[in-house]
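Okay, so here's the structure we're looking at.
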Amino acid sequence: MKIAVAGASGRAGSEITKELSRRGHAVTAIARNPEKIAGLPNVTPTKGDVLDQAGLTKLWAGHDVAVSSVHFLASDAQKLIGAAKASGVSRYLVVGGAGSLEVAPGVKLVTTPNFPAQYKAEAEAGSAFLDLLRQEKDLNWTFISPSALFIEGERTGKFRLGTDQLLADANGKSWISFADYAIALADEIERPAHQKQRFTVGY
Numbered sequence: 012m013k014i015a016v017a018g019a020s021g022r023a024g025s026e027i028t029k030e031l032s033r034r035g036h037a038v039t040a041i042a043r044n045p046e047k048i049a050g051l052p053n054v055t056p057t058k059g060d061v062l063d064q065a066g067l068t069k070l071w072a073g074h075d076v077a078v079s080s081v082h083f084l085a086s087d088a089q090k091l092i093g094a095a096k097a098s099g100v101s102r103y104l105v106v107g108g109a110g111s112l113e114v115a116p117g118v119k120l121v122t123t124p125n126f127p128a129q130y131k132a133e134a135e136a137g138s139a140f141l142d143l144l145r146q147e148k149d150l151n152w153t154f155i156s157p158s159a160l161f162i163e164g165e166r167t168g169k170f171r172l173g174t175d176q177l178l179a180d181a182n183g184k185s186w187i188s189f190a191d192y193a194i195a196l197a198d199e200i201e202r203p204a205h206q207k208q209r210f211t212v213g214y
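For the sequence shown, this note's numbering gives the first residue as 12, with consecutive numbering after it.
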């Protein structure tokens, strides 16, 4: 498939780009500084700005799938969604956050007392982004939330999927590596199972 990845030089974006390249997809890897994108087979580093809706629309046009892997506070949800719709891509996937996941019925992680203050604004912006997507009638979107800890780590291929509830292991740890998250995202592109839905991935 032809897949465009915005934020391809970031920690999650670079692993997603690598995973898609590994699977033989043609990837347009978009970043403000494309020279930071690793040289990989089937990957075309491309300069782009996620705050430029018209420019992003042009970059995404002609692709089967667009992926946003950008910080919510460093982008504009309305512009990203608008570009996805205007570009004509058949699917739009968003690297989400964990803050909007539930830790109990109706209780989002971001509202819990121990949620780190420095991540709260970003988490709330991610939750608002998901709310906007859920109002979309025409866009075929998928919002993929990582676990609470989204970290560097090995590519194991062993993880669990969930829906709106935070996943944690037997010791209460909630985590996923960027590399394994990228596998889950690439799997969703190749075998759609969560269209117009949010899902989460964790160990």
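Every residue, glycine too, gets a C-beta built ideally from N, C-alpha and C.
Within the continuous beta strand (DSSP E) that includes residue 170, where are the two ends? Residue numbering aside, residue 170 sits at position 159 when the sequence shown is read from its first letter. Here residue 170 belongs to no beta strand (DSSP E), and DSSP marks it neither H nor E.
Which same chain residues, not among the five before or five after residue 177, have their C-beta less than 8 angstroms away from its C-beta? As a first step, residue 177 must be located in the sequence shown, where it is residue number 166. Excluding residues within five positions, the ones whose Cβ falls inside 8 angstroms are 109, 112, 113, 114, 120, 158, 159, 185, 211, 213.
Go through its chain and collect everything with a Cβ distance to residue 105's Cβ below 6 angstroms, but skip five positions before and after it. Here residue 105 corresponds to residue number 94 of the sequence shown, with the count starting at 1. Only 79, 154 meet the Cβ criterion.
Residue 169 versus residue 191: straight-line alpha-carbon distance, rounded: Numbered from 1 along the sequence shown, position 158 holds the residue referred to as residue 169. Numbered from 1 along the sequence shown, position 180 holds the residue referred to as residue 191. If I take the Cα positions, the gap works out to 8 angstroms.
Leaving out five residues on either side along the sequence, give the residues of the same chain with a beta carbon under 6 angstroms from the beta carbon of residue 13. Sequence index remark: in the sequence shown, residue 13 carries index 2 (1-based). Only 37, 74, 75 meet the Cβ criterion.
Could you name the residues of the same chain whose beta carbon sits closer than 6 angstroms to that of residue 183, not counting the 5 residues immediately before and after it, in chain order? As a position in the sequence shown, residue 183 is number 172, starting the count at 1. Counting only Cβ-Cβ distances below 6 angstroms, and skipping sequence neighbours, we find nothing.
Hey, would you say residue 39 sits closer than 8 angstroms to residue 70, going by beta carbons? One-based indexing of the sequence shown puts residue 39 at position 28. One-based indexing of the sequence shown puts residue 70 at position 59. Yes; because the gap between Cβ atoms is below 8 angstroms, this pair is in contact.
By the DSSP assignment, the alpha helix (DSSP H) with residue 96 in it spans what residues? In the sequence shown, the residue the question calls residue 96 occupies position 85. First-last of the alpha helix (DSSP H) with residue 96: 88-98.
Sort 165, 208, 201, 200 by Cα distance to residue 188 and report the nearest one. By 1-based counting over the sequence shown, the position of residue 188 is 177. Measuring from the Cα of residue 188, the nearest candidate turns out to be 165.
Excluding sequence positions up to five away, which residues of its chain have a Cβ less than 7 angstroms from the Cβ of residue 100? Taking the sequence shown and counting its residues from 1, one reaches residue 100 at position 89. The answer, listed in chain order, is 71, 74, 75, 76, 77.
What is the DSSP secondary structure of residue 208, reduced to helix, strand or coil? Against the sequence shown, residue 208 aligns to sequence position 197. Correct three-state label for residue 208: strand.
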